[in-house]
Amino acid sequence: GETNFSVITADGCFYSFNVVYKDEPAWLSIEMEDWLRDNPEGGIAGDRMFVKLKELGGETPLVVNRIMYTLYKKNKRDFRHIGCKKYGIQTLLKGIYINNDLLYLHTSLRNSSDISFDIDYIRFKVVDKKVAKRTAMQENFIEPVRTYNRLVTVDGKATVRGIFVLPKLTLPDDKLLVVEVYEKGGARHQSFRIENTDLVAAKPISELHLK
Numbered sequence: 001g002e003t004n005f006s007v008i009t010a011d012g013c014f015y016s017f018n019v020v021y022k023d024e025p026a027w028l029s030i031e032m033e034d035w036l037r038d039n040p041e042g043g044i045a046g047d048r049m050f051v052k053l054k055e056l057g058g059e060t061p062l063v064v065n066r067i068m069y070t071l072y073k074k075n076k077r078d079f080r081h082i083g084c085k086k087y088g089i090q091t092l093l094k095g096i097y098i099n100n101d102l103l104y105l106h107t108s109l110r111n112s113s114d115i116s117f118d119i120d121y122i123r124f125k126v127v128d129k130k131v132a133k134r135t136a137m138q139e140n141f142i143e144p145v146r147t148y149n150r151l152v153t154v155d156g157k158a159t160v161r162g163i164f165v166l167p168k169l170t171l172p173d174d175k176l177l178v179v180e181v182y183e184k185g186g187a188r189h190q191s192f193r194i195e196n197t198d199l200v201a202a203k204p205i206s207e208l209h210l211k
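One point on numbering: in UniProt numbering, the residue at position 25 of the sequence shown is 25, and numbering is uninterrupted.
Next comes the structure, spelled out in structure tokens:
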């Protein structure tokens, strides 16, 4: 008999395959990367389509990945006042960009010491400016929808950069976006604040000619 199935790859491409039963099939599995190289025009899978995801502001993963990659390669620094420096570690926010309801945060982490910095986790949260009155209920955690060059370890005397993609947000005057970087098995934690004025000053991707 004959049937069909669909595949959505990590970059948001949608493929539809027709399948015919055979006692001795030519393939038991298909490596999509190899198949695309050998069938650039679609071939047995028909036309290729791109899936737009709600979590990505209605954009395709392919476009989001391309934007992250280009921001990383350009390595511009638009901010010089946002970051944290202590314990021989310097964390910087180099820029904020906006495209289709997504914020792209370009970050840098420099280790000036000889001891490697192992990252346990990086956390984004909205908090009250009046931290003395802060409670757990007043913290709103925000999960990145995509990350480019996920930061794991910063060797001694080294610098690494990453791109974090967040759903668009603006803040009231009494709130801040706090970025926290925690060291695994250590105490050289980093933290810096982003004001609403910084968020609304995000540069449109279209102005940077990235697409």
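We treat Cβ as the ideally placed atom computed from N, Cα and C, and that holds for glycine.
Here's a check: name, in chain order, each residue in its chain whose Cβ is nearer than 8 Å to the Cβ of L53, leaving out the five neighbours to either side. G12, E59, T60 and P61
Here's the rule: buried if 16 or more other CB atoms are within 10 angstroms of the residue's CB, otherwise exposed. What is L28? exposed
Sort out for me which residues DSSP pairs S6 with in a bridge. S16
Going by the beta-carbon positions, is the gap between I205 and Y72 smaller than 7 Å? no
Spell out the partners DSSP gives E183 in its beta bridges. I119
Near F192, what residues of its chain come up, given a Cβ to Cβ distance below 7 Å and the 5 sequence neighbours on each side ignored? I82, G83, C84, T91, L93 and V179
Could you tell me which residues DSSP pairs with V178 in its beta bridges? K125 and R193
State buried or exposed for N75, treating a residue as buried only when at least 16 other CB atoms are found within 10 Å of its CB. exposed
What are the start and end residues of the alpha helix (DSSP H) that includes L171? It is not in any alpha helix (DSSP H) - L171 carries neither H nor E in the DSSP assignment.
Determine which residues share a DSSP beta bridge with V154 and list them. F117
So what does H106 bridge to, in DSSP terms? G95 and I163
DSSP has I142 in a bridge; who is on the other side? F124
Within 10 Å of its beta-carbon, does I30 have 16 or more other beta-carbons around it, so buried, or fewer, so exposed? exposed
For I82, which of helix, strand or coil comes out of DSSP? coil
Opening and closing residue of the alpha helix (DSSP H) in which T70 lies: P61 to K74
Please look up how many angstroms separate the CB atoms of G156 and D114, rounded, as I've assumed it's under 8 Å. 4 Å
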